[in-house]
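Down below is the structure, laid out as structure tokens.
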Amino acid sequence: MSAPLKLAGFAALLVLVFGAAIAAGDVIGPDREGAAKQRAEQPPAHGAMGVPDGGMAEGHGGEVAAIRGLSVAEGGLSLEVAQTSPELVFSVVEDGKPVRDFDVEHEKRMHAIVVRRDGTGFQHLHPELGDDGAWRVPLTLSEPGTYRVFADFSHDGTAYTLATDFSVDGAATYRDFPAPSSIDTPDGYDVQLRADGEELTFDITRDGQPITTEPYLGAGGHLVALREGDLAFLHVHPNDDGVAFEADLEPDTRYHLYLQFKHEGRVHTAEFTR
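Per this note's numbering: the sequence shown = residues 13 to 286.
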């Protein structure tokens with residue numbers, strides 16, 4: 013084959029390779045400004061006692077939670093998802109075998125968070141552990157796209173959040189990251205976010221009257237923060253019995269905030285951008 017023909021063939025191969033790479037990026041979903049790649053290249057911080065490397069301990073009474081949920085495996089444990097629809101089925105595996113011994117945290121042994129890569133479609137689920145060592149819970153997803161599932165649990169006194177992505181077939185239209193917002197109106201409630209340093213306080217009213225939240229999973233409310241780009245996971249609980257949280261959010265970084273509270277026997281979710 014002549015040299016010009018060889019060069020032409022090589023150029024055509026490059027076009028195919030770069031075209032495939034672009035298509036793969038469209039399938040995976042948004043990673044705005046390369047945030048995920050940049051953070052993945054940063055060395056992890058040393059963890060606090062009883063917590064895997066990467067953050068501080070999580071708990072009640074104003075303790076700042078760990079930044080987790082960036083890996084499918086940690087501390088010898090790994091997350092294996094077997095099915096996503098119409099039921100989410102997954103296992104936490106150690107040495108090739110499903111883990112069956114989980115600590116009770118916030119009245120449950122497993123908390124599963126599912127959210128699309130653009131921050132929409134948030135669900136907080138509580139699977140049940142089967143005899144085969146797999147966790148199961150019904151899961152309905154109304155829009156196509158790439159989703160992230162977080163398994164949030166404690167094992168042998170150590171808190172973990174393992175996470176992985178999965179796809180729902182179809183043409184996905186991803187939403188832009190929302191502008192900063194401090195007000196949401198879920199289910200007829202008015203929820204106002206007030207930020208004072210590392211403390212995030214939520215004022216909840218209905219028909220102009222303040223309401224008192226009911227205990228939900230042993231707390232007055234739950235707050236999940238997901239960092240823009242890589243969806244790093246921050247899960248904290250409020251000070252005392254109210255809806256004020258200590259959340260060590262990085263400055264100049266945007267987060268999806270999902271506040272869950274219970275009133276009149278129902279759980280409501282308010283969403284914010286911080």
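Glycine is no exception: its CB is placed at the ideal position from the N, C-alpha and C atoms. Predicted model, so just to flag it, every value in this text is computed and none were measured.
Three-state secondary structure assigned by DSSP to residue i
i                 : result
glycine 233       : coil
glycine 62        : Residue placement at glycine 62 cannot be trusted, given a pLDDT of 35 that sits under 50; the coordinates are not used to answer.
glycine 200       : helix
glycine 157       : strand
alanine 207       : strand
histidine 247     : strand
proline 227       : coil
tyrosine 172      : strand
phenylalanine 114 : coil
glutamate 276     : coil
tyrosine 186      : coil
tyrosine 267      : strand
aspartate 164     : strand
Given residue i as reference, the closest of the options once Cα atoms are compared
i                 : options                           : result
threonine 170     : Leu269, Gly88 and Val161          : Gly88
isoleucine 125    : His136, Asp115, Glu240 and Gly131 : His136
phenylalanine 257 : Ala244, Leu205 and Asp143         : Leu205
glutamate 99      : Val149, Asp113 and Gly142         : Val149
valine 217        : Ala163, Glu106 and Thr225         : In the sequence as presented, valine is not what sits at residue 217; that position holds threonine. For the residues Ala163, Glu106 and Thr225, the minimum Cα distance to threonine 217 belongs to Thr225.
threonine 96      : Phe245, Phe162 and Asp113         : Phe162
aspartate 242     : Gly131, His234 and Lys274         : Gly131
valine 255        : Leu238, Val104, Leu246 and Lys274 : Lys274
threonine 146     : Glu240, Val101, Thr265 and Thr185 : The amino acid occupying residue 146 in the given sequence is alanine; threonine does not appear at that position. Comparing Cα positions, the closest option is Val101.
threonine 185     : Gly133, Asp199, Pro227 and Asp113 : Gly133
arginine 278      : Leu229, His247 and Ala259         : Leu229
aspartate 199     : His123, Pro250 and His280         : His280
valine 240        : Ser90, Asp215 and Pro263          : Contrary to the premise, residue 240 reads as glutamate rather than valine in this sequence. If we check each option's Cα against that of glutamate 240, Pro263 comes out closest.
valine 104        : His138, Val84 and Pro192          : Val84
Counted within 10 angstroms of its Cβ, other Cβ atoms place residue i as buried (16 or more) or exposed
i             : result
alanine 175   : buried
aspartate 181 : exposed
arginine 129  : buried
glutamine 50  : Because glutamine 50 carries a pLDDT of 41, less than 50, the predicted location of this residue cannot be relied on, and the following value inherits that uncertainty. With fewer than 16 other Cβ atoms within 10 Å, it is exposed.
arginine 187  : exposed
arginine 160  : buried
alanine 94    : exposed
glutamine 272 : buried
alanine 207   : exposed
aspartate 164 : buried
glycine 232   : buried
Cβ separation of residue i and residue j, assumed to be a contact under 8 Å, to the nearest whole Å
i                 : j                 : result
threonine 173     : arginine 80       : 4 Å
phenylalanine 284 : serine 194        : 6 Å
tyrosine 270      : leucine 261       : Going by Cβ atoms, the distance from tyrosine 270 to leucine 261 rounds to 14 Å, so no, they are not a contact pair.
glutamate 117     : serine 166        : 5 Å
leucine 238       : phenylalanine 245 : 6 Å
alanine 259       : leucine 212       : 5 Å
Residue i - containing beta strand (DSSP E), residue span
i              : result
isoleucine 125 : 123-128
glutamate 106  : 99-106
glutamate 258  : 256-258
histidine 138  : First-last for histidine 138: undefined, no H or E at that position.
Chain B within 9 Å of residue i, Cβ atoms only
i           : result
glycine 142 : Given the protein chain composition of this structure (a single chain), no chain B is represented.
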